[in-house]
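To convert, note that position 79 of the sequence shown is 82 in the numbering used here; the numbers rise steadily by one, no gaps. No residue lacks a Cβ here, since even glycine has one placed at the ideal position from N, Cα and C. Note that the structure is predicted; figures quoted are calculated from it, not measured. Heads up, the thing below is written out as structure tokens.
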Amino acid sequence: MPRVPSVGTTTHGQTERRAPLVRTPAEEDDRVDRTTLALLLDRERPWPWPVLELERELGEDLSDGLARLYASGLIWRRDGFMWPTQAAIGADELQL
């Protein structure tokens, strides 16, 4: 999601406008993947997660993101449910 232009103050007291941050499609995909994986790794929430529940939580279609995470070996998927792989859990524990 693009950010709204912001206003800042220079060291000389003048107001300047900063250009809005616009994400590329690849950056937006990375954002969705990271958010999805972070929710799956949240120890306060039980596994497995229903795909539809996670899509409602994030407010977007996750089919492409889930395919990327599955292909990367970071999640398991079965019958409309998903959960993190041991590799994802280990990387999270090591804070990689």
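Verify the CB distance criterion: does residue 60 have a CB-CB separation below 8 Å to chain C?
Of the protein chains in this structure there is only one, and it is not chain C.
Can you name the start and end residues of the alpha helix (DSSP H) that residue 80 belongs to?
That residue, residue 80, is in no alpha helix (DSSP H); its beta strand (DSSP E) goes 78 to 81.
Measuring only the C-alpha atoms, how far is residue 72 from residue 78?
In a straight line, the C-alpha of residue 72 is about 6 Å away from that of residue 78.
If you run the structure through DSSP and keep just helix, strand and coil, what is residue 51?
Of the three classes helix, strand and coil, the one that applies to residue 51 here is coil, per DSSP.
Since residue 87 sits in a beta bridge, which residues does DSSP pair it with?
Per DSSP, 78.
Rounding to the nearest angstrom, what Cα-Cα distance links residue 46 and residue 96 in this structure?
One Cα belongs to residue 46, the other to residue 96, and the distance between them is close to 11 Å.
Can residue 26 and residue 37 be called in contact, C-beta distance under 8 Å?
It is not a contact, given that the beta carbons lie outside the stated cut-off.
Assign residue 63 to one of three DSSP states: helix, strand, or coil.
In the structure shown, residue 63 falls within a coil segment according to DSSP collapsed to helix, strand and coil.
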